[in-house]
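Take a look at the structure below.
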Ligand code: HAM
């Protein structure tokens, strides 16, 4: 048997309905905040991610699905959506359209990580990017939008963590101090961190290995090294969060796993998830457009992991089940079946979710099936019913049934009073 590749999953009904609900809610809320959808290709030139995300990051150095095309060009399945969105913004000169571009995307991303709960090799993100503004009020607005989204889909247990990682002016001094401190404690670090302390010392800060934690706690904090402009930006951002009544925790070691970040970084975590508890991650990336060969463009954005959102929803009781059919049509005999096909068409056109039984079966087994499918009502079409034009409508929750004419069906399903007889 051929199976799905390790780290990938099929999204099946009824779970797929929950996916749609989350995606639709996100689209509605993103539109309320002025974001428009962008769809970029699933593969890009490898250089885009090497330059955008950074050669020394885990993503680029060990997790990318990279392959050589027949013309020897190196291609990579996108591990994230920010670099592609900024590439498209530069390529199509979207800055000319308006001073601020607000773009969102939704789709699969690929990282060759070790699969575990909440971590897959193909996973799905909804992400949004604001290009062309360095105003911290934009950052607070995006976080307000995320709070609204989480509330709308029914996720209450979540925590917002924020930090500022400075800018290319003030960060080098911090990195120097960090390197110096790390060199002194190198032997106490895990092998990965020993390497990182040379190549990318910031990454040591979010190492999860137990034995590294006491060292990390003793390291210098970026907040002590922010220059005046970065400090003022961060203070304003925190002020805007406070005035919007958005609770947050400042976490000095929050550095994120991608190299393009400057100043504000954030994560939203959920206690319901295990080790992979970050639902949403994002931040500011004021140097990315230039690094990709575009005009200087400030940027801020986020991406949420849909699988993780779904894991949280599936664990909470608030989850709205995928809507089962409102009406199951049970025709008895061939003439009734013909009638049922046309009736189903007409009812669906009136917005009623119908299921039609295509197998010839007894009334008893049709009822059993309707029950299994959790249909709310069953409409029985037998020979007598065809002749009289009055059908038997059975409510599955309590077994009550009534006779209805064709035109009465939609109203009866919507609960409008029609004489009910006990069945
Ligand atoms: P990221 O933190 O790498 O950021 O990913 C964002 C979210 O994608 C994570 O918080 C998580 O929910 C989900 N995610 C990441 N890797 C996996 C995985 N292997 N399996 C399942 N879910 C995963 C970015 O990708 C940035 N582009 C976000 C951003 C946009 N920053 C600015 N703009």
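Residue numbers (the numbering used here): 13 to 435.
Ideal Cβ placement from N, Cα and C applies to all residues, glycine included.
Problem - N- and C-terminal bounds of the beta strand (DSSP E) containing residue 254 - result: What you label residue 254 is simply residue 242 of the chain shown in a count that begins at 1. Where residue 254 is concerned, there is no enclosing beta strand (DSSP E), although the alpha helix (DSSP H) it sits in stretches over 240-255.
Handout entry: Own chain partners of residue 359 with C-beta closer than 8 Å, once the 5 adjacent residues on each side are dropped
Key = For the purposes of this step, residue 359 is taken as the residue at position 347 of the chain shown. Same-chain partners within the cutoff: 339, 366, 421 and 422.
Handout entry: Alpha-carbon spacing of residue 54 relative to residue 122, whole angstroms
Key = As a working note, residue 54 is residue 42 in the chain shown. As a working note, residue 122 is residue 110 in the chain shown. Cα to Cα, the separation comes out at about 9 Å.
Practice task
Under 6 Å Cβ to Cβ from residue 447, same chain only, skipping five residues before and after it: list those, please.
Solution key: Only positions 13 to 435 of the chain appear in the structure, and residue 447 is not among them; the question remains open.
Practice task
State yes or no: is the C-beta of residue 132 nearer than 7 Å to some heavy atom of ligand 1?
Solution key: Numbered from its first residue, the chain shown carries residue 132 at position 120. True, at least one ligand heavy atom lies under 7 Å from that Cβ.
Problem - Neighbour-count burial assignment, residue 400, 16 or more Cβ in a 10 Å radius - result: Here residue 400 refers to the residue found at position 388 of the chain shown. Its Cβ having fewer than 16 others within 10 Å, residue 400 is exposed.
Handout entry: Where residue 254 falls, given that 16 or more other Cβ within 10 Å makes a residue buried
Key = If you number the chain shown from 1, residue 254 lands on position 242. Burial call: exposed.
Handout entry: Buried versus exposed call for residue 419 [16 or more other C-beta atoms within 10 Å across all chains shown]
Key = For the purposes of this step, residue 419 is identified with residue 407 of the chain shown, where counting begins at 1. Exposed.
Problem - Straight-line Cα distance separating residue 373 from residue 317 - result: Locating residue 317 in the chain shown gives position 305, counting from the first residue. Locating residue 373 in the chain shown gives position 361, counting from the first residue. Spanning the two alpha carbons is a distance of roughly 45 Å.
Practice task
Report the partner residues of residue 136 according to the DSSP bridge assignment.
Solution key: One-based indexing of the chain shown puts residue 136 at position 124. In DSSP, residue 136 forms a bridge with 120.
Handout entry: residue 202 versus residue 388: straight-line alpha-carbon distance, rounded
Key = Locating residue 202 in the chain shown gives position 190, counting from the first residue. Locating residue 388 in the chain shown gives position 376, counting from the first residue. Those two C-alpha atoms are separated by around 58 Å.
Problem - Validate contact between the region 118-136 and the region 239-259 using beta carbons, cut 8 Å, 3 pairs - result: no
Handout entry: Cut-off 7 Å between Cβ atoms - residues of its own chain near residue 127, not counting five sequence neighbours on either side
Key = The residue labelled residue 127 in the question sits at position 115 within the chain shown. Excluding sequence neighbours, residue 127 sits near 18, 19 and 133.
Handout entry: Continuous alpha helix (DSSP H) assignments of at least 4 residues falling wholly in the region 358-397
Key = 375-384
Practice task
Consult DSSP for residue 145 and reduce its assignment to one of helix, strand or coil.
Solution key: Taking the first residue of the chain shown as position 1, residue 145 is located at position 133. Note: residue 145 maps to coil in three-state DSSP.
Exercise for the section: Consider the C-beta atom of residue 405 and the heavy atoms of ligand 1; say whether any pair is separated by less than 7 Å. Expected result: Locating residue 405 in the chain shown gives position 393, where the first residue counts as 1. Flag unset: Cβ of residue 405 not near ligand 1.
Practice task
Measure the CB-CB distance between residue 238 and residue 178 and report whether it falls below 8 Å.
Solution key: What you label residue 238 is simply residue 226 of the chain shown in a count that begins at 1. What you label residue 178 is simply residue 166 of the chain shown in a count that begins at 1. Yes, they are a contact pair.
Handout entry: Coil, strand or helix - residue 260 by DSSP
Key = Counted from its first residue, the chain shown places residue 260 at position 248. DSSP places residue 260 in coil when its eight states are reduced to three.
Handout entry: Contact set for residue 181: own chain, Cβ-Cβ below 7 Å, skip 5 residues either direction
Key = Here residue 181 refers to the residue found at position 169 of the chain shown. Only 239 meet the Cβ criterion.
Problem - Simplified DSSP assignment, three categories, for residue 421 - result: Within the chain shown, numbered from 1, the residue matching residue 421 stands at position 409. Of the three classes helix, strand and coil, the one that applies to residue 421 here is helix, per DSSP.
Handout entry: Pick from 244, 194, 196 and 110 that is closest to residue 48, judged by C-alpha positions
Key = In the chain shown, counting from the first residue as 1, residue 48 sits at position 36. Nearest of 244, 194, 196 and 110 to residue 48, Cα basis: 110.
Exercise for the section: State whether the region 55-74 contacts the region 86-100, with contact taken as three or more CB pairs (one from each stretch) at a distance under 8 Å. Expected result: yes
Exercise for the section: Following the continuous beta strand (DSSP E) through residue 171, name the residue where it begins and the one where it ends. Expected result: Stepping through the chain shown from its first residue, residue 171 is reached at position 159. Taken as a continuous stretch (DSSP letters only), the beta strand (DSSP E) holding residue 171 covers 171-176.
Exercise for the section: Let me know the secondary structure DSSP gives residue 61 once reduced to three states. Expected result: What you label residue 61 is simply residue 49 of the chain shown in a count that begins at 1. In the structure shown, residue 61 sits in a helix (DSSP, three-state: H, G or I).
Handout entry: 8 Å Cβ shell around residue 23 - same chain, five flanking residues per side excluded
Key = Here residue 23 refers to the residue found at position 11 of the chain shown. Taken in chain order, the residues that qualify are 31.
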